[in-house]
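Chains as they are written, first to last, in UniProt numbering: chain V, 1 to 344; chain A, 1 to 342; chain H, 1 to 307. The beta carbon of each residue, even a glycine, is placed where N, CA and C say it ideally should be. Right, one structure below, let's go through it.
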C-alpha cells in the first residue's frame with residue numbers, strides 16, 4: 001500500500017503542470033499551511049515529489065488521500081485522453097427518484113459483487129456531476145491505482161461519460177451502472193473526443209440552439225441588410241438565409257469544441273458513367289474523417305458560405321441533432337440513396 | 001465519396017488539358033538572380049509550352065503515357081545499389097527545385113565533401129559563437145537512378161556530426177541527408193543547356209532547416225545556381241494517387257488516404273481513407289462519383305498517402321517502396337523543371 | 001421610496017451618530033451629548049457638501065417628474081388611439097378631423113398597436129396558447145415553450161416537430177432529464193398536439209419554478225447551506241441553524257411529483273429530538289410543505305426559528 005501511494009503521488013506530480021500544482025494542492029487541503037508555503041516549486045519534479053512524499057508521511061496520509069488529489073486535478077482538467085459517451089435506455093419507473101446516497105451505495109456494492117478487487121471513489125462536483133474513479137483489479141491482483149477509469153454521470157439524465165476503459169471493464173461498469181441508475185440497458189452513444197465539456201454540452205443541450213421562430217431572430221437583426229441595391233440585396237438575403245439555416249443545423253454562438261467526425265461508408269457505388277463499378281455487388285468501402293479545431297463551427301461556416309449546400313444534408317446535421325460523431329452509412333435495402341444507419 | 005469536381009480518377013486524355021493549365025498557372029519565380037552565363041534561361045517552360053501548343057492530343061498522351069507508366073527496365077533493384085536506395089526511402093523529404101549547376105564535376109566529389117565541411121564549420125562559428133560541433137560531409141553518386149542517357153546521375157549528400165561518434169562512421173546515422181536528382185528530364189531542355197551546366201532540378205532534404213540553408217548557400221556560391229520551394233500542387237498530388245494506386249496489383253497499398261483542407265473558420269480537414277481493393281478497382285474503372293457532403297473543390301488537396309508513399313502539398317514526399325521510385329521521381333522532376341524561373 | 005425619504009430628511013448626522021439623546025441617562029451622558037454636538041459644528045464643510053448633494057438630487061427628481069408627466073401624456077394619447085383602434089369605423093371618421101402633428105400621430109398609432117398586440121399575446125399565453133411556427137412548408141412546426149415563475153419569465157425551450165401521420169420530435173433543446181419520449185409519445189401517436197404539449201409545459205414550468213426557488217434560497221438566505229440538490233431539482237437538503245437552541249438541523253425536501261413546485265415530503269434531522277417534536281417545528285414543517293421554500297425560510301427567519 002505504501003509503495004502504491006508513493007508511486008501514485010510521483011505519477012501525479014509528473015502529470016500535473018507546475019502552474020496547476022499549487023492550486024490543486026491548496027484545494028486538496030491535506031497539507032498544513034506551513035508545509036504548503038515551504039514547497040519550492042522551482043525544483044525538479046522528482047525532488048518536488050520527494051518533498052510531497054515526506055509531507056504525506058508526516059501527515060500520515062494514505063493512498064485514499066492521494067486518489068483524492070488526483071480526482072481534484074482530473075475534475076478541473078478533464079481534457080486528457082479520449083472520452084466516450086454512453087446512453088442509458090429503458091428506465092424503470094423509479095429511475096427519476098434515484099438520489100446520490102442511494103446511487104453511491106448501489107453502484108459500489110454491485111461493482112464489488114462483480115469484481116472482488118476494485119476500489120471506487122466518488123465525488124460530486126458543484127455542477128451536479130457525479131465523478132467516479134475506479135481502480136480495477138481482479139481476483140488475484142489488487143486494484144491498479146495507476147490507471148484508473150473515470151466515469152461522469154449526471155443523475156436523472158441518460159448519459160454516462162467514460163475515459164480509460166477496456167472492453168472487459170466496460171461490461172462490468174455497464175452492469176453496475178444500469179442497476180444503480182435503475183435502467184434496463186446501456187448503449188454506445190457513438191460520441192467521443194478529447195474535449196470532455198464539448199461532449200457533455202452536446203448531449204446535455206448546453207449550447208445555443210437556433211430555431212425557426214415567428215419573431216425576427218437576433219441573427220437577422222444583427223445582419224441588417226437595409227438600403228442595398230436590388231441584386232446585392234437579393235444576394236445578401238440569400239446569405240442571411242444560408243446563415244440562418246447553418247445556425248439552425250449546427251447552433252449559434254460559440255459551439256462545443258468537437259474535433260472530429262467519422263463516416264464509415266459501406267455504400268454501393270453509384271455513377272451512371274461508370275458501369276463496371278455501379279454494377280459491382282460489393283459496397284464501396286471508404287472512411288471519411290472531418291477534423292478541425294472546432295468541427296461544428298467549421299461546418300457551420302461551410303454551410304453559411306455555400307461550401308456545403310443548403311438544405312444541409314442529414315449526414316452533417318445529425319452530428320449535433322443526434323449528438324454523435326461516428327456514423328456507419330449503409331444502403332437502405334429499398335431506399336434510393338445512402339442513409340445513416342445507427343449501429344447499436 | 002465526392003470526387004465529382006476534384007476528380008482523382010481522371011483518364012490520361014482528360015489529364016492533358018489539366019496539365020496545360022498547370023503550366024499556365026505556374027507562377028514565375030521570385031528568384032531574380034543575375035547569372036554570369038544566362039543560357040539556361042532558354043528554359044524548359046518556354047520550350048514545352050511552345051511544343052505543347054503544336055502537339056496533337058494523341059501525341060501528348062503518348063508522351064505522357066511513356067513517361068507515366070512503369071519504366072521499361074522494371075526492377076530498379078537491378079540498377080541501383082540497394083543500400084543506397086534504402087537511404088533514399090522511408091524518409092520524408094522536403095523538396096526544392098534547383099537551377100542547373102555550373103561546372104559541377106562528378107570527379108571532384110571528395111573535394112566537395114571537404115569544402116562543404118569547412119564551409120559549414122566556418123558558417124556555424126559565425127552563427128553560434130564558439131560552437132564546438134563539427135560536421136563531416138560525404139558526397140556520393142547513386143549510380144543507376146536515371147532513366148535516359150540525358151539524365152545526370154543522382155547525388156547523395158550526408159552530413160554526420162563529428163562530436164558525438166568520432167571515428168565510427170560505419171553505423172553512424174547522418175544528422176542531415178539530401179539529394180539532387182534528374183529522372184526522365186526533358187531531353188530537349190537538357191540538350192539546350194551549354195556544356196558547362198548540369199541539370200539536377202530536384203533537390204530533397206531531410207534534417208534541420210539551418211543545415212539545409214547552409215548546404216543550399218554553399219551550392220549557390222560554388223555552382224552559381226539557385227533554389228526555390230517546390231510545392232506539389234493538387235493535380236500532381238492526384239497524379240501520385242493514380243501512380244501509386246496502379247501498383248496495388250503488385251504490392252499492397254494497404255490504404256489510400258487523401259486529405260483536403262477547406263478554407264473555413266476554423267480550418268476544416270476532410271480525409272478520405274479508401275479500402276485498397278476498392279481504390280484499385282475504382283482506378284481500373286477510371287472515374288468516380290459519390291454523393292457529396294461538402295464541395296471539396298472549394299478547398300485543396302493537401303496530402304495523399306498509401307503504403308507506397310506519401311506526399312503533401314507543401315512539398316514533402318516520402319517513398320516507401322522501391323517499385324514506384326522511378327515513376328514518382330519522374331513526376332517530381334517534371335514539376336521541378338516547370339517551377340524553374342525563366 | 002422609503003429609503004429615499006430617509007435620505008432626504010436625515011435623522012442622523014453626517015458622522016452617523018444619533019442627535020437626540022435620551023434624557024434619563026444623567027449628567028455624563030448629557031455632557032457627552034454636548035460634546036458630540038460641539039464636534040458636529042466643526043464638520044460644517046461636510047454638511048455643506050451634503051446640502052449640495054441634496055440639491056442635486058432634488059434636481060434629478062424634478063427631471064424625473066417631468067419625464068413621468070410626459071409619459072403619462074403620451075400614454076393618454078396611446079389609450080385614445082387604442083380605443084379608436086378597437087372601434088375602427090368611428091375612428092376613420094375621427095381621424096379625418098385630426099389636425100395634430102402627423103408624424104407624432106403615426107408613431108403613437110404604432111405604439112398603440114404594438115401594445116395592443118403584446119396584450120393579446122399575453123392573453124394568448126394566459127389561456128394556455130402556444131407559439132407555433134410552420135416550418136418546411138408545413139411539413140413541420142416549431143413550438144416555443146416559455147416558462148415562468150411568480151411572474152418572472154425564465155428559460156424558453158423549443159421543439160421542432162414533424163407533422164406526419166404521427167407527431168414526432170425532430171429536434172429540441174429540452175434538458176435530458178425531462179422524459180420527453182415518455183411524456184409525448186402516446187399523444188404524438190394520436191396527433192393530439194395539446195395532449196402532447198400540455199404535460200410537457202407543466203413539467204417544464206414546475207422544473208423552472210423549483211430551480212428558481214433554489215436560486216432564491218442561495219441568494220436570499222446566505223446563512224442556509226445547501227447540502228444536496230440535483231439537476232432536476234427534485235431533492236433539496238439544507239442545513240439550518242437555530243439561534244435560540246444553538247443547534248443545527250438537516251432539512252430534506254423531496255419533490256417526487258415533478259409537475260409541482262412544492263415538495264411532497266419534508267423531513268428534519270436533528271440531535272435534539274425534543275426540538276423536532278415542538279409545535280413550532282411541526283408548524284415549520286407544514287410551512288415548508290405549503291409555501292415555496294425560499295419564502296418559508298424567510299418566514300422562519302422572521303419568527304427567529306432559524307439564523
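Any chain V beta carbon closer than 7 Å to residue i
i, result
"residue 266 of chain A", "yes"
"residue 269 of chain A", "yes"
"residue 186 of chain A", "no"
"residue 171 of chain H", "yes"
"residue 167 of chain H", "no"
"residue 246 of chain A", "no"
"residue 273 of chain A", "yes"
"residue 115 of chain H", "no"
"residue 249 of chain A", "no"
"residue 341 of chain A", "no"
Residue-level contact to chain H via CB, residue i, 7 Å cutoff
i, result
"residue 128 of chain V", "yes"
"residue 256 of chain V", "no"
"residue 324 of chain V", "no"
"residue 181 of chain V", "no"
"residue 321 of chain V", "yes"
DSSP three-state assignment for residue i, whether helix, strand or coil
i, result
"residue 190 of chain H", "coil"
"residue 293 of chain H", "helix"
"residue 258 of chain A", "strand"
"residue 292 of chain V", "strand"
"residue 313 of chain A", "coil"
"residue 324 of chain V", "coil"
"residue 227 of chain H", "strand"
"residue 234 of chain H", "coil"
"residue 313 of chain V", "coil"
"residue 152 of chain V", "strand"
"residue 185 of chain V", "strand"
"residue 329 of chain V", "strand"
"residue 160 of chain H", "strand"
Of the listed residues the options, nearest to residue i (C-alpha basis)
i, options, result
"residue 132 of chain V", "V/166, V/50, V/46, V/173", "V/173"
"residue 142 of chain H", "H/130, H/150, H/152", "H/130"
"residue 151 of chain H", "H/205, H/188, H/191", "H/205"
"residue 59 of chain V", "V/32, V/182, V/208", "V/32"
"residue 48 of chain V", "V/140, V/30, V/27, V/22", "V/22"
"residue 233 of chain H", "V/197, V/100, V/309, V/285", "V/100"
"residue 302 of chain V", "A/313, A/274, A/261", "A/261"
"residue 229 of chain H", "H/105, H/211, H/222", "H/211"
"residue 107 of chain V", "V/157, V/178, V/311", "V/178"
is_contact[residue i, chain A] using C-beta, thresh 7 Å
i, result
"residue 291 of chain V", "yes"
"residue 312 of chain V", "no"
"residue 285 of chain V", "yes"
"residue 125 of chain V", "no"
"residue 288 of chain V", "yes"
Any non-hydrogen atom of the ligand NAP within 6 Å of residue i CB
i, result
"residue 134 of chain V", "Absence of the ligand NAP is noted for the structure shown, with no ligands found whatsoever."
Does the count of Cβ pairs from the segment 169-184 of chain A and the segment 203-218 of chain A closer than 8 Å reach three? yes
Relative to chain V, which residues along the segment 135-167 of chain H have a C-beta separation below 7 Å, given in chain order? 135, 142, 144, 158, 160
Between the segment 248-267 of chain A and the segment 136-151 of chain A, do three or more beta carbon pairs fall short of 8 Å? no
Of all the residues that make up the segment 242-254 of chain V, which are near chain A by a beta-carbon distance shorter than 9 Å? none
Tell me whether the segment 246-261 of chain V and the segment 282-297 of chain V touch, counting them as touching only if at least three CB pairs, one residue from each stretch, are closer than 8 Å. yes
Listed from N- to C-terminal order along the chain, which residues in the segment 200-214 of chain V have their beta-carbon within a distance smaller than 8 Å of any beta-carbon of chain H? 203, 204, 205, 209, 211, 212, 213, 214
Check distances from the C-beta atoms of the segment 80-107 of chain V to those of chain H and list, in chain order, the residues that come in under 8 Å. 91, 96, 97, 99, 100
Closer than 8 Å is the cut-off here; do at least three beta carbon pairs connect the segment 315-323 of chain V with the segment 302-309 of chain A? no
Contact the segment 88-97 of chain V vs the segment 110-124 of chain V: 3+ CB pairs below 8 Å: no
Specify whether the segment 190-201 of chain H and the segment 235-253 of chain H touch according to this definition: at least 3 beta carbon pairs, one from each stretch, less than 8 Å apart. no
Quick check: the segment 130-140 of chain H against the segment 185-202 of chain V, are at least 3 beta-carbon pairs closer than 8 Å? no
Residues within the segment 206-228 of chain H neighbouring chain V, beta-carbon criterion of under 8 Å: 228
Contacting positions in the segment 113-125 of chain A - beta carbon closer than 7 Å to chain V: none
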